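Down below is the structure, laid out as structure tokens.
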Amino acid sequence: MRRKNPLRVQATTTSLIAIGVTTLAASSPALAGDVTLYGTMHYAWEYADTHDAAGDARDDATGTNHASLLGFEGREDLGDGYHAFFVLDSDIGANLGSNNTYVGIEGAFGSILLGQMDTPYKTSTIEWNIWGDTTGDYTAIIGADAAGNTSFDSFTPQAVGYVSPDMNGLRFAIARTALKANNGAGNKDDRAWSTSLTYSNGPLAAAIAYETHDGANLTAAGLGGSSNTASEKAWRAGAQYRLGNSLLAAVYEDIDHDNTTVRQSRAAWWLSFTQEVGNNALNVSYAQAGDSDVAGGGDGASQLTIGGQHFFSERTAIYALYSTVGNDTNASYGLQGGGFAASAAGRDVDAFSFGIVHNF
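Residues 3 to 362, numbered by our numbering, are exactly what the sequence shown covers, in order.
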């Protein structure tokens, strides 16, 4: 039985608002009439010259947030000319809206987006990652490096993106981020490009993606990356095929870091097999990161995940899994989905996990 995987279905702002308003109306018509949900989504792509004496005067800033907010206001008639009222207002910024938070326009030409969003590189193969957002997430290896940095599995702040319309299963996406930063004379601002070409038609899905980061300190800029990384780039390709109730997926990836002291390049791959049995799905997946080309080597790792899911509905599921990362002597890969980092280089990481997921 084919169904959406609740572990991979993300609640959207629209559905949350719709459910919230419906719940208010169903529970108390008077309350629903006196409570107003309001907000503003305001992002802009800007270019400015501040004539900075330090020599880094020009800021090319994509997807800048201009006081976007979400709020509730209410009023109650207490009688005799008295009223109770309230306002609950919050900026959409570092705290609220720390996940995908963007505004866009959609038409026959495709979609244009401004704000904070998953990169095309990240989303190119994300739907095949059955254990996404769990301890068994393939980001333990895919999108990560030997130091445990998940440089290529992140949100991009201040981004502008374009997604093409569906062309018989073929879709193109591109995003650019340029952060306002004063890095001094001669230093480049922090910026990133990400692009993907995906195909999905019938039992076959395929993807190829490329992403590059450029800046003096990509970690501080929020672009992922390791501190003092001058530039880094990655590409990946993969495919998924369905045969009846069986799913086979594979991804190959190459990441190259070029920081101020050393250049590091590594290749990795991931395989996943899922068997659906009624309302259940059983999965085994394996990932391998090879040694980088840094002198000394010994910084490869592997990840094995075995688990199962039971679906109560399209929105609700339970799961149990075991995932382990085996690090070579100089590697520090961890179980990123569960936030379990290696305690030191060369130390393995193992975890059992049981969870309940409900999407609304």
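From the three backbone atoms N, C-alpha and C, an ideal C-beta is built for every residue, glycine too.
Nothing here was measured: the structure is a model prediction, and the numbers come from that model.
By the CB criterion at 8 Å, Ala319 and Gln290 fall outside the cutoff. A residue is called buried when at least 16 other Cβ atoms come within 10 angstroms of its Cβ; Ala283 meets this threshold and is buried. A contact between stretches requires three or more CB pairs, one per stretch, nearer than 8 Å, and the stretch 313-332 meets this requirement with the stretch 127-143. Its Cα nearest to that of Lys235, the residue Gly217 stands out among Leu249, Gly217, Ala252, Arg244. With respect to the C-alpha of Thr326, the residue from Phe314, Ile308, His312 having the closest C-alpha is Ile308. Looking at the DSSP output, Ile176 sits in a beta bridge with Tyr164, Thr197.
His360 counts as exposed, since fewer than 16 other C-beta atoms from the protein chains shown sit within 10 angstroms of its C-beta.
Per DSSP, reduced to three states, the secondary structure at Trp133 is coil, with no helix or strand assignment.
Excluding sequence positions up to five before and after Phe314, its CB lies within less than 8 Å of the CB of Asn281, Ile320, all in the same chain and listed in chain order. Beta-bridge partners assigned by DSSP to Thr38: Glu75. Here Ala333 carries a coil assignment [DSSP, helix/strand/coil]. For the 8 Å CB-CB criterion, Asp120 and Phe157 form a contact. If you draw a 10 Å sphere on the C-beta of Tyr123, you find 16 or more other C-beta atoms in it, and that means buried. Ranking Tyr45, Gly76, Arg349 by CA distance to the CA of Leu39 puts Gly76 first. Judged by DSSP in its simplified three-state form, Gly339 adopts helix. Counting the other CB atoms within 10 Å of its CB gives His312 a total below 16, which places it among the exposed residues.
Gly83 counts as exposed, since fewer than 16 other beta carbons sit within 10 angstroms of its beta carbon.
Under the three-state reduction of DSSP output, Thr141 falls in the helix class. CA-CA distance, Val105 to Ser233, rounds to 29 Å. For Met119, the pairing in a beta bridge is given by DSSP as Thr158.
Contact annotation: Ala209 and Thr200 have beta-carbon atoms nearer than 8 Å. The shortest C-alpha to C-alpha distance from Ser334 to any of Ala239, Pro167, Arg317, Gly299 is the one to Gly299. One Cα belongs to Arg244, the other to Pro205, and the distance between them is close to 5 Å.
Residue range 303-313 is occupied by the beta strand (DSSP E) that includes His312.
Membership of His215 in the beta strand (DSSP E) is indicated by the continuous run 206-216. By the neighbour-count criterion, in which a residue is buried when 16 or more other Cβ atoms sit within 10 angstroms of its Cβ, Thr127 is buried. From the listed residues Ala161, Phe111, Glu255, Asp79, the smallest Cα separation to Phe174 is found for Phe111.
Residue nearest to Val351 within the set Ile144, Ser248, Leu71, Leu306 is Leu306 (criterion: CA-CA distance).
Taking the C-beta atoms as reference points, Gly163 is found no nearer than 8 Å to Ala142. Per DSSP, reduced to three states, the secondary structure at Ile320 is strand.
Looking at the DSSP output, Ile128 bridges to nothing.
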